[in-house]
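Residue numbers (my numbering): 4 to 484. Every residue gets a Cβ at the ideal spot worked out from N, C-alpha and C, and that includes glycine. Quantities reported herein were computed from a predicted structural model and do not represent experimental measurements. See structure below.
Structure (C-alpha cells):
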C-alpha cells in the first residue's frame with residue numbers, strides 16, 4: 004500500500020478503539036490527531052489520570068516524544084507510583100506504544116542514563132539497551148541526528164505486511180535499540196539503513212569552521228544492526244517501541260503524514276484491551292482547568308481564529324527579518340539537512356500558512372462546537388508540565404510569547420551556544436523555528452488540535468488536508484506495493 008493520501012483521513016481503521024496519549028509532558032498532538040483521523044476515541048491522559056486508575060479505560064496508551072527536558076520531564080509528573088502503575092497495567096494486558104523519548108523509559112538503561120532517570124527503573128519493561136547511550140546533555144542518550152532516515156521493514160511482521168520494504172521516517176535525537184542480544188520475547192520490525200539528504204548528524208549540528216569526524220553515532224548504530232522499531236511481550240501485555248517518530252509528517256513543520264503514519268495506525272489497530280470497561284464517559288481523565296469559563300466554545304474558537312491570523316502575520320514578518328549572527332553556523336544548529344538561515348526563512352513562511360489553515364478549520368467548526376469540546380479549546384497546563392497537552396487558547400498564548408521573545412532577541416548581540424540546544428529559552432532560532440517545541444512547531448500543534456475537533460464533528464477543509472496528508476508516491480513511498 005502506498006503513502007497515506009487525503010483519502011486516508013476518512014479511513015476508520017481505529018474505530019471502536021480508545022487511545023490515550025500521555026499529556027503531562029512532551030509532544031502529544033501528532034499522535035492524538037492521527038488516531039482521531041482514523042476513527043479512534045482519543046484521550047489526553049495526565050499523570051493524575053494514571054494515579055486514578057484510568058488506564059483501564061484504554062485500548063492503547065501512547066507515550067510521545069519529549070519536551071525541553073526530554074525523558075526527565077516525562078517522568079517527573081508521574082513519580083514512582085505512576086511509573087509502577089503503567090508497568091502493572093501493561094503486564095496485566097495493556098499495550099504501551101511510544102516514540103522517541105517515550106521509548107527510552109521502558110528500556111534497560113545504562114548506568115549514566117539510569118542515574119539521570121532514577122524513576123525509569125520503575126517503568127522498565129523491555130530488556131533491550133540503547134545502541135546510542137550518552138551523557139547528560141540529552142538525558143543519557145547520544146543523538147544520532149535530526150531529519151529523515153530510510154528504514155527497512157520486516158515485511159513478515161503483522162504491522163508491515165504488504166508495505167514497501169523501505170520507507171522514510173523522521174528521527175529526532177531519539178534512541179536506537181541494541182537488539183543483537185534481545186530475548187526471544189523481543190521482535191524488531193524496523194531498522195535504519197541510511198540517512199537521507201534531509202538529515203543532519205548530531206556531530207554536524209554546530210559545525211562552525213571546523214571539520215567533523217566522519218564517524219557518526221548514526222553510522223556506528225547502523226554498523227551494529229540497531230533497530231528503530233520493536234515489539235516486546237510484557238507479561239500479558241505488549242510494548243511497541245519506535246525510536247523514530249512515525250507520527251511525524253515528512254513535509255514542512257513535520258506535517259504531511261506518510262507511510263510511517265500508516266505503520267503506526269496499523270500498530271494501534273492491533274491493540275484491543277481484553278477487559279476494557281464497556282462504557283467510558285466523555286473525557287474521563289481530562290479534568291479541564293478552564294481559564295475562560297464564561298466563554299462559550301464557539302466564542303473560544305472565534306478568539307482563537309483571530310489569534311492564529313495574528314500569528315500568521317508575525318511569522319510572515321519574521322521570515323523577512325535578518326536575525327544576523329544568531330543564525331551563523333556556529334551559533335545556530337543545522338537540522339533536517341538545512342542550515343539555520345534557510346530553516347528560519349522557510350519555516351516562518353510555512354508557519355504562516357499553517358496558522359491560516361488552522362484558522363480556516365476553526366471557522367468551519369465554530370457553529371458545531373459544544374461544551375463537549377471545551378477541553379480542546381481552553382485547558383490550562385499543569386504546573387509540573389514540560390510542554391504536553393493544553394487547550395488551544397493556552398497554546399496560542401505560548402506561541403505568541405515565543406514569537407515576542409524571538410522578535411526581541413533577534414536584535415540583541417548574538418551569544419554562541421555551548422551545544423545545539425543551549426540557550427533553548429532565549430535563542431531566537433529555538434524560539435521561532437528550531438524544533439517541534441518552537442513557535443512554528445506549536446503552530447503545527449494548533450492545526451492538529453483543530454483536526455481532533457474536525458474528526459469529532461466530521462468536517463474538513465482543503466487547506467488543512469493538503470498540509471496533513473502526504474501525496475501518494477512521495478520519497479520511498481513511491482512504488483509501494
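Buried versus exposed call for residue i [16 or more other C-beta atoms within 10 Å across all chains shown]
i           : result
residue 405 : buried
residue 44  : buried
residue 52  : buried
residue 354 : buried
residue 323 : exposed
residue 378 : buried
residue 422 : exposed
residue 446 : buried
residue 470 : buried
residue 345 : exposed
residue 235 : buried
residue 102 : buried
residue 90  : buried
residue 482 : With a pLDDT of only 35 at residue 482, under 50, the local geometry of the prediction cannot be trusted, and no value is derived from it.
residue 23  : buried
residue 376 : buried
residue 250 : buried
residue 31  : buried
residue 424 : buried
residue 124 : exposed
residue 214 : Here residue 214 scores only 45 on pLDDT, less than 50, and its place in the model is too uncertain to base an answer on.
residue 441 : buried
residue 428 : exposed
residue 60  : buried
Reduced DSSP category for residue i - H, G, I as helix; E, B as strand; rest coil
i           : result
residue 403 : helix
residue 199 : strand
residue 162 : coil
residue 231 : coil
residue 147 : coil
residue 133 : strand
residue 248 : strand
residue 62  : coil
residue 296 : coil
residue 210 : coil
residue 192 : strand
residue 4   : For residue 4, the predicted structure reports a pLDDT of 33, less than 50, and the residue's modelled location is therefore unreliable. The matter cannot be settled from this model.
residue 241 : strand
residue 153 : strand
residue 255 : helix
residue 390 : strand
residue 171 : strand
residue 46  : strand
residue 318 : helix
residue 22  : strand
residue 327 : helix
residue 418 : coil
residue 432 : helix
residue 301 : helix
residue 181 : strand
residue 204 : strand
residue 16  : coil
Residue i vs residue j beta-carbon contact at 9 Å
i           : j           : result
residue 261 : residue 473 : yes
residue 195 : residue 176 : no
residue 110 : residue 133 : yes
residue 81  : residue 140 : no
residue 267 : residue 409 : no
residue 154 : residue 259 : no
residue 431 : residue 412 : yes
residue 182 : residue 128 : no
residue 330 : residue 456 : no
residue 104 : residue 67  : yes
residue 351 : residue 407 : no
residue 29  : residue 70  : yes
residue 193 : residue 157 : yes
residue 315 : residue 364 : no
residue 58  : residue 42  : no
residue 209 : residue 336 : yes
residue 308 : residue 369 : yes
CB-CB length for residue i against residue j, believed under 8 Å
i           : j           : result
residue 398 : residue 35  : With 8 Å as the limit, residue 398 and residue 35 do not qualify as a contact, their Cβ atoms being about 13 Å apart.
residue 180 : residue 269 : Their Cβ separation, rounded to whole angstroms, is 19 Å, which puts residue 180 and residue 269 out of contact at 8 Å.
residue 244 : residue 106 : 4 Å
residue 49  : residue 21  : That pair is no contact at about 16 Å.
residue 178 : residue 246 : 5 Å
residue 304 : residue 380 : 6 Å
residue 202 : residue 151 : 6 Å
residue 453 : residue 467 : 7 Å
Inset, instruction - Could you tell me which uninterrupted alpha helix (DSSP H) segments, each at least 4 residues in length, are contained entirely in the region 333 to 383, listed from first to last along the chain? - result: 343 to 368 and 377 to 380
Legend entry - beta strand (DSSP E) runs wholly inside the region 77 to 114, at least 3 long, in chain order: 98 to 102
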